[in-house]
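Report on the following structure.
2 protein chains.
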Amino acid sequence: MSDTYLELANSALGKKLFSAMGLPEPVVLVREDSQQAHNLSGQVLIGASLGALFADKVGSFLEGTSMQISDPLVKEKRHLIYDASGIATAEQSAELYNFFQQQVKSLPACGRVIVIGLKPSAAAKPEQGAVQRGLHGFIKSLAKEIGRNGSTANLLLVDKGGDAAIEAPIRFLLSAGSAFMNAQILTASTPVAPMAGDWQHPLQGKTLVVTGAARGIGLAIAEVLARDGATVIGVDVPQAEEELKAAMTRLGGLPLPLDITSAGAATILRDFCSAQTSSLHGIIHNAGVTRDKMLSRMTDHQWNMLMQVNLGSVQRINAALLETELLDNGGKIVGVASISGIAGNAGQTNYAFSKSAVIGMVETSAESCAARGITINAVAPGFIETQMTAAIPFFTRQMGRRLSSLGQGGLPIDVAEVIGFFVSPQAAGINGNVVRVCGQSILGA
Amino acid sequence: MSDTYLELANSALGKKLFSAMGLPEPVVLVREDSQQAHNLSGQVLIGASLGALFADKVGSFLEGTSMQISDPLVKEKRHLIYDASGIATAEQSAELYNFFQQQVKSLPACGRVIVIGLKPSAAAKPEQGAVQRGLHGFIKSLAKEIGRNGSTANLLLVDKGGDAAIEAPIRFLLSAGSAFMNAQILTASTPVAPMAGDWQHPLQGKTLVVTGAARGIGLAIAEVLARDGATVIGVDVPQAEEELKAAMTRLGGLPLPLDITSAGAATILRDFCSAQTSSLHGIIHNAGVTRDKMLSRMTDHQWNMLMQVNLGSVQRINAALLETELLDNGGKIVGVASISGIAGNAGQTNYAFSKSAVIGMVETSAESCAARGITINAVAPGFIETQMTAAIPFFTRQMGRRLSSLGQGGLPIDVAEVIGFFVSPQAAGINGNVVRVCGQSILGA
């Protein structure tokens, strides 16, 4: 997956040009090597507040990886993990300050900051819950300070029962797979299903559906899932049948050309899955369209057609799958929302409505899914370099890239990796999460 | 309160200059006339989806005001209220589209769009809850389309039991007081205390504390509360005693020079209030400082002192007040957060932590406060024209102003009016809300 912007920005001519234009010279982010995916490497320093609950556990599972646990007194480049769960008062926040004030300069390029805190509802007292909530503002500010170096900062909140579920999110945040996930808050809660699995090939022997799999982000998702061992059922519109078949042949997957908005499509998809496997591991609702227009000039068709692709069909497919036990005990549902669904966008009342409703789907279904051993989560991509965004006028495209802490757009694989994490069996404690994959775009609301 | 930027932007020379520079020519927002505050005027069109729950009630209480209910078939400039609570499916969202697609052009300058929806947890089914969540994305997109005209769009979500509490938020959103509140989501829930009160002077006979009241936003808050009938206990540091006394004399309030971070300050404040009244109506925790520095260069003092002013003292004062029954049965606690506490800001790890914790305070205390008849809410100001922001370099200042849908900064009174709404007795169903007062700044996270 080439990125012309990065290539240009990092060429000798490009550097001069960009510098003259005042444009950022973004760091080339380190991404997963498809041969050595999920490998952890480098030094990591683990710090903890007084009364911290999780640091020991983090230390012990990281010792089983190829990372080196760093000594605070040694000067070396290292990733930083800080367990802030013991902080209960405004005064005690000084411990957090002390650690990062001293250590932040030791981050390598593309370094990782991970702060671990308590979900406010899991705090002993409301006053502690309030103070723990301060970690949001801290991490988002710190991410803005370290982004130029390609480094990221994310927050893992542990809810009641979530201590059993922290290994997968911490491994993911330390891995190259989280390169473009920045300033986000993950919540770990009681695992809804067994977490056993191979860290290198977590999806071995598992079958997952990806809609819109013929190209773009959907294809990248299929590639990542296949890399992790899965058999992918790739769905796309009949017009894309050839591309879809070629991709699925290459990945050892199964093509299912289907217009998901057509009558009976949800049942067709469900029955296709049932015929392949008695235990579907997951579905990624990636298919989506835009039909941008200012509302006063938007046609009925632009509203209604989009709503069916992005929302109606997703709800019908979930309903059809959940009528059966195909996903029970370990299944994964993943929605693909958008920053537009969070912040809104002029000309996208239709798209933003649909993507905001996808977030609503995650929020309203997480509890009932958990009761069946299923997790439901969503990604909200920011500016991702695709054929779609390549069509955006140059200046707007530059703004989309520059207005993030990492100073660049993401790649389809960045979205795919977060989804790969969501659907790994080890992430059974990650439920009801909505994660932006945006490099910390400043757009929000 | 003068606004030099708006004056310049709207002068003949200014218009030419701004246009040549590509800067926005922001509409002068209509704000409350201090003689006729809370007056509602103009035309309003009320639309509703099939199965809408609240439109009739809205119509009947608006008939008791000086607003004119507009006829859909008449062409005239009018504010728009749409009750979307009946929308349960992706298909039915077409009703929302139809109404606004036809009506959005009829908004006057500084018009108001109010959409009423259901809090997802109050929806009959999870599928409806998901679709209702789509209203977030819709309103935020629409606000971006209509902002150039000074118009705003906000969403009122009704939780279980909240139908009794919708009049105050709808009146506020229609009033000039909400001029700079844009693209926000208010939630109305079961009123925690009686809602009786005079719409013109809702705070008549009531006493409220405002910290940091000597100048800036705190002074504006004191002015608005006094305008609405309140006796204000103005707190500020001893160094500002003269300014504080002059302001309180002018407003018929009571000055209390006090360093809120000093030992025993919370008790001193509490006892001062007890001596004045047996029933304190509310406290506005406005006092706050910034001490900006990149984290690696921030001093202990910059972290700790700020944390005590912005967070520690707030928690101690609340604890001292809540040890007594001073606030019970109708009292109001209001925090002042910041967009930085939501989005983070480079150089503000300390400030963002403290302001994010203020949001946490609202989230973690709303339920226990409700049980005592108290509401707790917070405002999160965006770019507000104050002495503090006047010190920001010109270009950065322009960016702060321009990067909002209304194309301008807010005034201290805009923040004060939202607080005035929070503390009005009629807003007893508004609890646990965090509202940005930012004109829909694009900054978020």
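Those protein sequence lines, which keep their order, are chains X and R.
When we follow the UniProt record's numbering, the leftmost residue of the first sequence carries the number 1, and every step to the right adds one.
When we follow the UniProt record's numbering, the leftmost residue of the second sequence carries the number 1, and every step to the right adds one.
Note that beta-carbon positions come from the ideal geometry of N, C-alpha and C, so glycine has one too.
Please read these numbers as outputs of a predicted model, since none were measured by experiment.
Inter-residue spacing [alpha-carbon to alpha-carbon] between residue i and residue j
{"i": "R:Gly252", "j": "R:Glu243", "result": "14 angstroms"}
{"i": "R:Glu363", "j": "R:Ala380", "result": "14 angstroms"}
{"i": "R:Thr187", "j": "R:Ile384", "result": "24 angstroms"}
{"i": "X:Ser85", "j": "X:Val115", "result": "9 angstroms"}
{"i": "X:Asn154", "j": "R:Glu417", "result": "35 angstroms"}
{"i": "X:Ala176", "j": "X:Asp228", "result": "14 angstroms"}
{"i": "R:Gly439", "j": "X:Leu156", "result": "31 angstroms"}
{"i": "R:Ser279", "j": "X:Gly382", "result": "49 angstroms"}
{"i": "R:Gly432", "j": "R:Arg372", "result": "14 angstroms"}
{"i": "X:Glu145", "j": "R:Ile430", "result": "36 angstroms"}
{"i": "R:Ser296", "j": "X:Pro393", "result": "38 angstroms"}
{"i": "X:Thr231", "j": "X:Gln387", "result": "26 angstroms"}
{"i": "R:Leu406", "j": "X:Gly409", "result": "27 angstroms"}
{"i": "X:Ala343", "j": "R:Gly444", "result": "8 angstroms"}
{"i": "X:Gly162", "j": "R:Ala130", "result": "25 angstroms"}
{"i": "X:Ala263", "j": "R:Gln103", "result": "33 angstroms"}
{"i": "R:Ala143", "j": "R:Leu173", "result": "14 angstroms"}
{"i": "R:Val435", "j": "R:Met361", "result": "14 angstroms"}
{"i": "X:Met1", "j": "X:Pro412", "result": "Low per-residue confidence applies at X:Met1: pLDDT is 36, beneath 50, and the placement is therefore not dependable, though the value from the model is reported in the following sentence. Computed Cα separation, rounded: 8 angstroms."}
{"i": "X:Ala37", "j": "R:Gly51", "result": "52 angstroms"}
{"i": "X:Gly137", "j": "R:Ala346", "result": "11 angstroms"}
{"i": "R:Lys355", "j": "R:Ile185", "result": "19 angstroms"}
{"i": "R:Gln348", "j": "X:Tyr97", "result": "12 angstroms"}
{"i": "R:Asp71", "j": "R:Asp56", "result": "15 angstroms"}
{"i": "R:Ile284", "j": "R:Thr249", "result": "19 angstroms"}
{"i": "X:Val235", "j": "X:Met307", "result": "18 angstroms"}
{"i": "X:Pro126", "j": "R:Thr190", "result": "22 angstroms"}
Residue i, DSSP secondary structure in three states
{"i": "R:Thr396", "result": "helix"}
{"i": "R:Ile283", "result": "strand"}
{"i": "R:Asp144", "result": "For clarity, residue 144 of chain R is Lys in the given sequence; the question names Asp instead. R:Lys144 falls in the helix class under three-state DSSP."}
{"i": "X:Met1", "result": "Interpretation of X:Met1 is limited by its pLDDT of 36, a score under 50 that renders its predicted location unreliable; no figure is taken from the coordinates."}
{"i": "X:His79", "result": "strand"}
{"i": "R:Gln43", "result": "strand"}
{"i": "R:Asn431", "result": "coil"}
{"i": "X:Thr65", "result": "coil"}
{"i": "X:Pro255", "result": "strand"}
{"i": "R:Arg291", "result": "coil"}
{"i": "R:Ser404", "result": "strand"}
{"i": "R:Val210", "result": "strand"}
{"i": "X:Ile339", "result": "helix"}
Neighbourhood of residue i by C-beta distance below 8 angstroms, restricted to the same chain and skipping five residues each side
{"i": "X:Ala320", "result": "Ala266, Thr267, Leu269, Arg270"}
Nonlocal neighbours in the same chain, by C-beta distance under 6 angstroms from residue i, ignoring five residues either side
{"i": "X:Ala122", "result": "Asp159, Lys160"}
{"i": "X:Glu167", "result": "Phe61"}
{"i": "R:Ile374", "result": "Leu327, Gly331"}
{"i": "X:Trp303", "result": "Asn350"}
{"i": "X:Tyr82", "result": "Gly47, Phe99, Val115"}
Contact check, residue i vs residue j, beta carbons under 8 angstroms
{"i": "X:Gly282", "j": "X:Gly335", "result": "no"}
{"i": "R:Gly420", "j": "R:Leu219", "result": "no"}
{"i": "R:Ala179", "j": "R:Asp414", "result": "yes"}
{"i": "X:Met67", "j": "X:Gln426", "result": "no"}
{"i": "X:Ile376", "j": "X:Ile317", "result": "no"}
{"i": "X:Ser340", "j": "X:Ala357", "result": "no"}
{"i": "X:Asn149", "j": "X:Leu203", "result": "no"}
{"i": "R:Ala90", "j": "X:Leu311", "result": "yes"}
{"i": "R:Ala214", "j": "R:Ala183", "result": "no"}
{"i": "R:Thr261", "j": "R:Val309", "result": "yes"}
{"i": "R:Leu80", "j": "R:Val27", "result": "no"}
{"i": "X:Ser93", "j": "X:Gly147", "result": "no"}
Close Cβ partners of residue i (< 7 angstroms) along its chain, the five nearest in sequence each way excluded
{"i": "R:Ile69", "result": "Val44, Ile46, Gly59, Leu62, Glu63"}
{"i": "R:Ser141", "result": "none"}
Contact list for the segment 164 to 180 of chain R against chain X, Cβ threshold 9 angstroms: none
Contact residues within the segment 131 to 144 of chain X, judged by C-beta distance below 9 angstroms to chain R: Val131, Gln132, Arg133, Gly134, Leu135, His136, Gly137, Phe138, Ile139, Lys140, Ser141, Leu142, Ala143, Lys144
Contacting positions in the segment 27 to 61 of chain X - beta carbon closer than 8 angstroms to chain R: none
Contacting positions in the segment 270 to 284 of chain X - beta carbon closer than 7 angstroms to chain R: none
Residues of the segment 293 to 304 of chain X whose Cβ lies closer than 8 angstroms to any Cβ of chain R, in chain order: Met294, Leu295, Ser296, Met298, Asp300, Trp303, Asn304
Contact residues within the segment 348 to 361 of chain R, judged by C-beta distance below 7 angstroms to chain X: Gln348, Thr349, Ala352, Phe353, Ser354, Lys355, Ser356, Ala357, Ile359, Gly360, Met361
Members of the segment 92 to 109 of chain X that neighbour chain R once the beta carbon cut-off is set at 7 angstroms: Ser93, Ala94, Tyr97, Phe100, Gln101, Val104, Lys105
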